[in-house]
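Q: Provided herewith is a single structure, encoded as structure tokens, for subsequent inquiry.
In my numbering, the protein residues as written are 54 to 532.
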């Protein structure tokens, strides 16, 4: 019997098309294989596997028994990447490797009253793949995926740090120690609180203040300077004494903040290491840090969340993904803009909001973006968050252009264009004036030609003097 070997890129024409759907959970995976013909859709086999290396190998062997065209799965947090990588690395697909599609779970959202079961979900995923309705979700490459995982850990640690700071303020306010201008991001405030929990001051705020000013407890000189400036504000709170339970809670939260600062340092070092390993990522980060209000950490966060900017053909699609595009409300003949869309990348949206806040409040260096932030603050003087977000949206537009064209940021790009427009307008005005002078000159020449020879010499001299002035003005416009 002659054996026919199929080429790797050959496509078989079969009566049925086969597809698979995977419903992934923490410990198990439900795999369903279905077949479709022009007139029917049929469920062939459903089997459950453990989400272990051995279980994934058995699942791949189970799926390879069929001529699978597509394998569809939902993006279920941290469980999907391992399964997807295992399927891509499997070498025994017959005859070709299937198309592996990871979709957004919102495409398969269940409504109240519908059956919700793992088997049904797996079959529905297979049906989406066979009908061609499964849209790929963006899955970054290895280095970008690693960078995204680390930068999101930075977000979670900073969130925990903010929570601890709010609890410290709540603990102080509960016992009446509501100090004005208490910013827990300042080092002198943390030093003052550490002095407050020492046994020698016995939880009394006045004792802790005097211990710092007299040098009984060693602190930085900047702490003493900051307290000296606020002596009038802090004097009314000197009699307040915190109980032992409040001091223990305060000590616990301060220790938590110290641990989180160390974690942020470790994550920052890891981000730097990942960027140095990939030259393209390092170049992109350097271009983004040229924007006002964008440091290296923020640039790494945005780059990891955006991924390949070429997947956004238009600026509008990019703004919709990063949460910088307002929704449109439309009903009949009524149409107006609404709030920002909620189904977006929330990490990128928060980053652009912070960029707008920094540009409006902290950045001192002048640029077109800084001037735009000033205008937004003047326009929305009673809604600062709106001004911050609009400035962040402006920064998002500029960032899309930089990443798309690999151009460098020009701080006064719009100002240069305005100067060019003014120059063009002035040249256009000069041209119009020159045409008017030529028109008047032709009119006077026609008058001179119509004057008879018997006309007085005085009239001719007057006309020639007018023509002389007109031509002097013409020469001035030419120069």
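Note that CB positions come from ideal geometry on N, CA and C, so glycine has one too.
Answer with buried or exposed for residue 148, where buried requires no fewer than 16 other C-beta atoms within 10 angstroms of its C-beta.
A: Classification for residue 148: exposed.
Q: Between 364, 160, 76 and 206, which lies nearest to residue 188 when the distance is taken from Cα to Cα?
A: Of the candidates 364, 160, 76 and 206, the one whose C-alpha sits nearest the C-alpha of residue 188 is 160.
Q: Of the residues 258, 264 and 440, which one's Cα is nearest the Cα of residue 39?
A: Because the chain in this structure spans residues 54 to 532, residue 39 falls outside the shown range and cannot be described.
Q: Quick check: the region 269-286 against the region 225-245, are at least 3 beta-carbon pairs closer than 8 Å?
A: A contact exists between the region 225-245 and the region 269-286.
Q: Within the same chain, show all residues whose beta-carbon is closer than 7 Å to that of residue 69, passing over the 5 residues directly before and after it, in chain order.
A: These residues qualify, in order along the chain: 88, 89 and 90.
Q: Contact check, residue 320 vs residue 210 under 8 Å by CB: the rounded distance?
A: So it is a contact: roughly 7 Å between Cβ atoms.
Q: Can you pull the DSSP bridge partners for residue 94?
A: For residue 94, which the question treats as bridged, DSSP gives the partners 89.
Q: Taking the straight line between their C-alpha atoms, what separation do you get for residue 344 and residue 443?
A: Distance between the alpha carbons of residue 344 and residue 443 is about 16 Å.
Q: In whole angstroms, give me the CA-to-CA distance for residue 361 and residue 142.
A: So the alpha carbons of these two residues sit roughly 23 Å apart.
Q: Considering only the alpha carbon of each residue, which of 424, 80 and 124 lies closest to residue 106?
A: The residue with the shortest Cα to Cα distance from residue 106 is 80.
Q: In the DSSP output, which residue or residues are listed as bridge partners for residue 103?
A: In the DSSP output, where bridge partners are listed per residue, residue 103 has 81.
Q: Measuring CB to CB, does residue 357 end up less than 8 Å from residue 129?
A: No, these two residues do not count as a Cβ contact at 8 Å.
Q: For residue 351, count the other beta carbons within 10 Å of its own beta carbon; 16 or more makes it buried, fewer makes it exposed. Which is it?
A: Flag for residue 351 reads buried.
Q: Could you give the first and the last residue of the continuous alpha helix (DSSP H) run that contains residue 389?
A: Unbroken run through residue 389 is the beta strand (DSSP E), 387-393; no alpha helix (DSSP H).
Q: Would DSSP call residue 73 helix, strand or coil?
A: In this structure, residue 73 counts as strand in the three-state DSSP scheme.
Q: Below 8 Å CB to CB, which residues in the same chain sit around residue 474 once its five sequence neighbours on both sides are set aside?
A: Model confidence at residue 474 stands at a pLDDT of 47, short of 50, so the residue's coordinates are unreliable; what they give is reported in the following sentence. Taken in chain order, the list of residues that qualify is empty.
Q: Using DSSP's beta-bridge definition, name the partner residues of residue 125.
A: Partner(s): 74 and 154.
Q: Of the residues 275, 104 and 86, which one's Cα is nearest the Cα of residue 98?
A: Ranking the options by Cα distance to residue 98, first place goes to 86.
Q: Once DSSP output is grouped into helix, strand and coil, what is the label at residue 148?
A: Reduced to three states, the DSSP call for residue 148 is coil.
Q: Compute the Euclidean distance between the alpha carbons of residue 515 and residue 427, then round it to the nearest angstrom.
A: Roughly 58 Å between the two C-alpha positions.
Q: Under 8 Å, do residue 154 and residue 133 count as touching if we go by C-beta distance?
A: Their beta carbons are not under 8 Å apart, which means residue 154 does not touch residue 133 by this criterion.
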